[in-house]
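Asker: Before anything else, here's the structure in question.
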Amino acid sequence: MTLRLGYGTNGFAGHRLGDACAVIAGLGYEGVALTLDQPHLDPFADDVTDQVAYAGRMLDTFGLACVIETGSRYVLDPWRKHEPTLVSDEGRERRVDLLRRAVRIAYELDADAMSCWSGTLPDAVGDDEAWRRVTDGLGPVLDDAARLGVTCCFEPEPGMFVATVDDALALRERLGAPEHLRLTVDLGHLVCNEPTTPADTIAKAGGLIGNVQVDDMVRDVHEHLELGTGDLDLDGVLGALVATGYAGLASVELPRHSHAAPVVARSAMDALRASLARVGKAAADREEAG
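Taken in order, the sequence shown gives residues 1 to 290; the numbers are from full-length UniProt numbering.
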């Protein structure tokens, strides 16, 4: 079994959840990265139980796996993007509450994982205090996840306190290396934010990768995926993932493309399928030659 292709619901902001699932499945994707927020599943809505039940029915109807994403821009504060976070000066308990809700929703939907990140460090906060804030905040989240059997995946993000794969691995060690804490890897960030090559970074994370994002570095999904800071060797990075035995979702994340969601999702699928076919052929050729 190899990796499965998914698509992020934040790239279908103009669609009802059921319609988004229908299009995503119709294009051949095997899963969705479900971002908790309006319009698809509001974790703070009065009818959140009904929304979760409906989401479960849609996933079952269209045969889609899912991961739960918690990166909505304004789910906690309508004025400040992504705030508060795990490292904010104030309001960190609200982020913890969101993540605990996300764990429960992941459990109810039998999701592959719940994904989260640290946030941007405020001025004048030192590293020791920042590590304390992140580990203290994740403590109850991981306790809930262990009790419910949910995998949590932590994503290193450029500009955030936990910014690189090495940072995320260090966080995992600080928390005692729990089996249910793994990594979310964003393929675009491997080019612009890591000190080693994308393939080497993936090899370093290895079997700890539990979630993959193909992010909004896409310029021309008909031909290739590339970053503003340089080209992403898509075949190389997908080949490295396959070599680790990764069998989870690799979900396209294009929140700025909802205005053309079906067209963009089709183009992304074409590019990813073509790349995976080349990866598979290269592996078969090596096996035959060896």
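The C-beta atom is built at its ideal place from N, Cα and C for all residues, glycine as well. Nothing here was measured: the structure is a model prediction, and the numbers come from that model.
1. Leaving out the 5 sequence neighbours to the left and right, which residues in its chain are closer than 7 angstroms to His82 when beta-carbon positions are compared?
2. From the DSSP output, in three-state form, read off Met114 for me.
3. Measure the CB-CB distance between Glu69 and Gly8 and report whether it falls below 9 angstroms.
4. Figure out for me which residue from Ala33, Gly26, Glu288 and Asp19 has the closest Cα to the Cα of Leu254.
5. Glu179 by DSSP, collapsed to three states: which one?
6. Looking at the structure shown, is Glu69 part of a helix, part of a strand, or coil, going by DSSP?
7. Going by beta carbon distance, what residues of the same chain come within less than 6 angstroms of His222, once the five residues before and after it are set aside?
8. For His15, which residues of its own chain have a beta-carbon under 6 angstroms away from its beta-carbon, when the five flanking residues on both sides are left out?
9. So, Ala261 versus Phe12, is the Cβ gap smaller than 9 angstroms?
10. Which residue's Cα is closest to the Cα of Asp143: Glu179, Val165 and Val263?
11. Closest to Ala102 by C-alpha separation, out of Glu129, Arg57, Asp37 and Val134, would be which residue?
12. Within a Cβ cutoff of 6 angstroms, which residues of the same chain sit near Thr244, ignoring the five residues on either side of it in sequence?
13. Between which residues of its own chain and Gly56 is the CB-CB distance below 6 angstroms, once the five residues before and five after are set aside?
14. If we cut at 9 angstroms on Cβ distances, does Trp79 have a partner in chain D?
15. Under a Cβ-count criterion, where at least 16 other Cβ atoms within 10 Å of its own Cβ denotes burial, should residue 367 be classed as buried or exposed?
16. Who are the near neighbours of Cys21 in its chain, counting only those whose CB is closer than 8 angstroms to its CB and skipping five residues on each side?
17. Using a Cβ-Cβ cut-off of 6 angstroms (strictly less than) and excluding sequence neighbours within five positions of Tyr29, which residues of its own chain qualify?
18. Between Leu98 and Val75, which are expected to be in contact by the criterion C-beta below 8 angstroms, what is the C-beta distance as a whole number of angstroms?
19. Taking the continuous beta strand (DSSP E) assigned at Arg57, which residues delimit it?
20. Among Leu181, Thr135, Ala124 and Glu90, which has the Cα closest to the Cα of Met114?
21. Whole angstroms are fine: how far does the CA of Ala130 sit from the CA of Ile105?
22. Check whether the Cβ atoms of Asn211 and Pro156 lie closer than 9 angstroms to each other.
23. Quick check: Leu234 and Ser275, are their CB atoms within less than 9 angstroms of each other?
24. Suppose you measure from the CA of Glu287 to the CA of Leu238; what does that come to, to the nearest Å?
25. Under the rule that 16 or more other beta-carbon atoms within 10 Å means buried, what is Ala283, buried or exposed?
26. Quick check: what's the CA-CA separation for His224 versus Gly290?
27. In angstroms, rounded to a whole number, what distance separates the CA positions of Thr196 and Leu272?
28. If distances are taken between C-alpha atoms only, which option among Pro198, Asp77, Pro84 and Ala53 comes closest to Pro122?
29. Once you ignore the five residues that flank Asp77 on each side, which residues in its own chain have a CB closer than 6 angstroms to its CB?
30. Going by DSSP, name the residue or residues bridged to Gly8.
Answerer: Here's the rundown:
1. Excluding positions up to five away in sequence, the list reads Arg73 and Gly119.
2. Met114 sits in a strand when the DSSP states are folded into three classes.
3. Yes.
4. Nearest in C-alpha terms to Leu254, of all of Ala33, Gly26, Glu288 and Asp19, is Ala33.
5. Residue state, collapsed to three classes: coil.
6. Here Glu69 sits in strand by DSSP.
7. With a pLDDT of 37 at His222, under the threshold of 50, the predicted position of this residue should be treated as unreliable, though the coordinate-derived value follows. Ser267.
8. Once the five neighbours on either side are set aside, His15 has no close Cβ partner at all.
9. In this structure, Phe12 lies closer than 9 angstroms to Ala261 by Cβ.
10. Minimum Cα distance to Asp143 is reached at Glu179.
11. The residue with the shortest Cα to Cα distance from Ala102 is Asp37.
12. So the list reads Gly206, once near-sequence residues are dropped.
13. Excluding positions up to five away in sequence, the list reads Leu109.
14. No chain D is part of this structure, which consists of one protein chain only.
15. Coverage of the chain is limited to positions 1 through 290, which leaves residue 367 absent and any answer about it impossible.
16. Taken in chain order, the residues that qualify are Val32, Met58, Leu59, Thr61, Phe62 and Leu64.
17. Cβ neighbours of Tyr29 beyond the five flanking positions: Leu5, Gly6 and Tyr7.
18. For Leu98 against Val75, the beta-carbon gap comes to about 7 angstroms, under 8 angstroms, which counts as contact.
19. Where Arg57 is concerned, there is no enclosing beta strand (DSSP E), although the alpha helix (DSSP H) it sits in stretches over Val48 to Phe62.
20. With respect to the C-alpha of Met114, the residue from Leu181, Thr135, Ala124 and Glu90 having the closest C-alpha is Leu181.
21. Their backbone Cα atoms lie some 27 angstroms apart in a straight line.
22. In terms of Cβ geometry, Asn211 and Pro156 do not form a close pair [threshold 9 angstroms].
23. Yes, these two residues count as a Cβ contact at 9 angstroms.
24. C-alpha separation (whole angstroms): 18 angstroms.
25. Counting Cβ neighbours within 10 Å, Ala283 comes out exposed, since fewer than 16 surround it.
26. Bear in mind that a pLDDT of 42 at His224, under 50, signals an unreliable position, so the model cannot answer this.
27. In a straight line, the C-alpha of Thr196 is about 23 angstroms away from that of Leu272.
28. The shortest CA-to-CA distance from Pro122 to any of Pro198, Asp77, Pro84 and Ala53 is the one to Pro84.
29. Excluding residues within five positions, the ones whose Cβ falls inside 6 angstroms are Glu83.
30. Gly8 has Ala33 as its beta-bridge partners, per DSSP.
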